[in-house]
Each structure stands twice: as structure tokens, then as C-alpha cells.
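Step one of this worksheet: look at the structure below.
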Amino acid sequence: MSGLLALLDDVAGIAKVAAASIDDVASQAAKAGAKAAGAVIDDAAVTPKYVTGFDPARELPIIWRIARGSLINKLVFLLPAGLALSAFAPWMIAPLLMLGGAYLCFEGAEKLAHAVGLGAHHEEHDAETGDPAHLEEEKVRGAIKTDFILSAEIMTIALAAIPESSFWMEAATLALVAVGITVAVYGAVALIVKADDVGLFLASRGRLSLTRAVGRGVVNAMPQFLKLLMAVGTAAMLWVGGSIIVHSLAEMGWHLPEDLIHSWAVALAHLAPDTWQGAMEWGATAFFDGVLGIVLGLLLIPVATGLIAPLWQSVFQRQG
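Counting from -9, one number per residue, gives the positions in the sequence shown under my numbering.
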């Protein structure tokens, strides 16, 4: 009997350790995922365009295919690459973060430039006639390629946010970040895409006048909501992109930009009442990070459109 009690005690001890480890993984995953907010919002804002123009019955299957591709991107390719970087070349994480931050700044600045009428608009022109299955295949492939870039940013940011720990703890945390963010992003995209259908159903078949009014309100509000989502996504890209650049420079030894922004934010926070100083400092920091993101992004637009994009296209056209 004493042996059985000792065994049960050991099992209970192992269970407590396992539960604590699970809590640690979940906590670290939540913090790491929060650090990638800009890329996550951008992912959710970009994806709905890939299902526009299709039969409503194909919208959710297309979203599922993109989500599945996103999971493969994160778990099969990016997670092992991130763990290898962490184990063998941790010094590369900061430069890679800077590349991701620069990309976010470029994307945000380009969208901002288009919004105010500057620069050329790069719209996708899809043939109205043709094979819908082929068009769907092209859209899904394009979405998964775009997702790979955004997922690389998300996973790199998450990896940098994880405290130094064991290999398996980092692997479990990154896997949880990958699954959690994918479910959150594409679950939100599915709700956004189908909101019009729900609104139309309520507006046309609702038994109560209030229900029909809610349906009409949903239908009328969705275009403005999508515009708001794009605006929030653009602001988040610029803020997070600038923040990544600043913190990565500090990680690499150049603390001046981070120190300047911190001192300016603290100075502005002291102008607010005591209860608002924390929020004021955070908002000022985000503002200055965003301004830096805009400036850097505008500088990168001619480089990306005049040099990198033509070079990229020539390489892949030659391969094709």
C-alpha cells in the first residue's frame, strides 16, 4: 500500500510539473502573439480580398484552404527554421526582425500613399470569364504566398519575444502561437466574409422588424467596417514595423533611437494627469514608432518598386 501511495504521489508531482509547463507555454504564447499584433491585423485585413468575386458557397472552402496552407507554412517550414536560428544562429534574429519590420513599414507606407492619391495603384485584374476552379487555385496560391511572408514575420517576432528556455518549451510555444494565431485570423476572416450573408438573411427573412433592421444595418455597415479594418491594419503595420526597427537596433547595440523615443514619450506623459501617464507614454511611444515607420516606409517605396520588384519578377519569370 505504501508503494502505491508513493507512486500516486510521484504521478501527482509529475502532473503538477506538466500543468505548470502547460501554463508557462500558454502564457509565453499569449505574450509572444501579442508582440506580433501588427502582422496579425494585417493578415486579417488582407485575406478577405482573396475570396471576393466567388460564389458564396465557395468562400468558406477557400478560407479553409488558405488557413491550412498557413498552418503548413508556420508548422512545417517556419517553426523548424526559427528553432534552428535560435539554437545555432541567434545573432541573426535581430537582423531578420529588421527585415520584417522594414517590410511592414513599406507595406503600410505604400497603402498610406495610395490612400492620399500618391503612387500607382496595383490592382489585380481577374478575368470575369474563364474557369472558376483555375481562378480559385490561383487566388489560393497567391494568398498562401502572401501568408508565408506575414507568417515569417509573426513567427520571428514571437521567437524574439520568448524568454530563453529549453528547446521543447520554445517549440511548444511557437507551435501554440502558430495554431492560435491561424485560428484567430482565419476565424475572424470567415466571420467578416460571411457577415454580409448573415445580414441579408436577417434583412429578408427576419420575423421581427428589429431583426430585419439589424440585418440591414449589418449589410450597410460592412463596407465601412472593411475600410476601418484596413486603416487599423495600416496603422498597426507602421507602428509595429517602426517599433521592431527601434528595438532591433537597440539589440544590435545602437540605443539612440530607442532612448530618444522613450525620453520624448516620458516628457509628453508628464503633461497628463497622474492616472493617465502610463497610457499617455504608451500612446506617445506608439506614435513616434509609427512616424518612424512612415518615414522609413516612404524611403523604401522607390527602392522596392524600382529595384527589388523588377529583380524579383525577372528571376521568377526566368525560372518559369
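Heads up, the beta-carbon is just placed ideally off N, CA and C, and yes, glycines get one too.
Taken in chain order, the complete alpha helix (DSSP H) segments of 4 or more residues contained in the stretch 65 to 119 are 69 to 78, 83 to 105. Here the alpha carbons of Trp244 and Glu143 stand approximately 22 Å from one another. In the DSSP assignment, Met242 falls outside any alpha helix (DSSP H) and carries neither an H nor an E.
Going by DSSP, Phe138 is part of the alpha helix (DSSP H) stretching over 122 to 151. Counting the other CB atoms within 10 Å of its CB gives Leu246 a total below 16, which places it among the exposed residues.
With respect to Met88, Ile235 sits close: the two C-beta atoms are nearer than 8 Å.
Between Val167 and the set Val106, His260, Lys64, Leu218, the nearest pair of CA atoms involves Lys64. Proximity of the stretch 213 to 227 to the stretch 257 to 273 falls short of the contact definition, fewer than three beta-carbon pairs being nearer than 8 Å.
Residues Thr224, Met227, Leu228, Gly231, Gly283, Gly287 of the same chain have their beta carbon placed closer than 7 Å to that of Gly98, with the five preceding and five following residues left out of the count.
Secondary structure within the stretch 171 to 251: the alpha helix (DSSP H) runs of 4 or more consecutive residues, fully enclosed, are 199 to 241 (chain order). Under the DSSP assignment, Asp279 falls in the alpha helix (DSSP H) whose first and last residues are 267 to 293. A distance below 7 Å between beta-carbons, with the five flanking residues on each side excluded, links Ala84 to the following residues of its chain, in chain order: Ser238, Glu241, Met242.
Using a 10 angstroms sphere on the CB of Val66, the tally of other CB atoms stays under 16, which defines it as exposed. Here DSSP, grouped into helix, strand and coil, assigns Ser60 to helix. Across the structure, Ala255 and Thr265 are spaced so that their CA atoms are roughly 16 Å apart. Shown here for Thr172: same chain residues with a beta carbon closer than 7 Å to its own, the five before and five after excluded, namely Ala57, Ser60, Leu61, Lys64 in chain order. Val293 counts as exposed, since fewer than 16 other C-beta atoms from the protein chains shown sit within 10 angstroms of its C-beta. Thr37 is the residue among Thr37, Gly207, Ser155 whose C-alpha sits nearest the C-alpha of Phe138.
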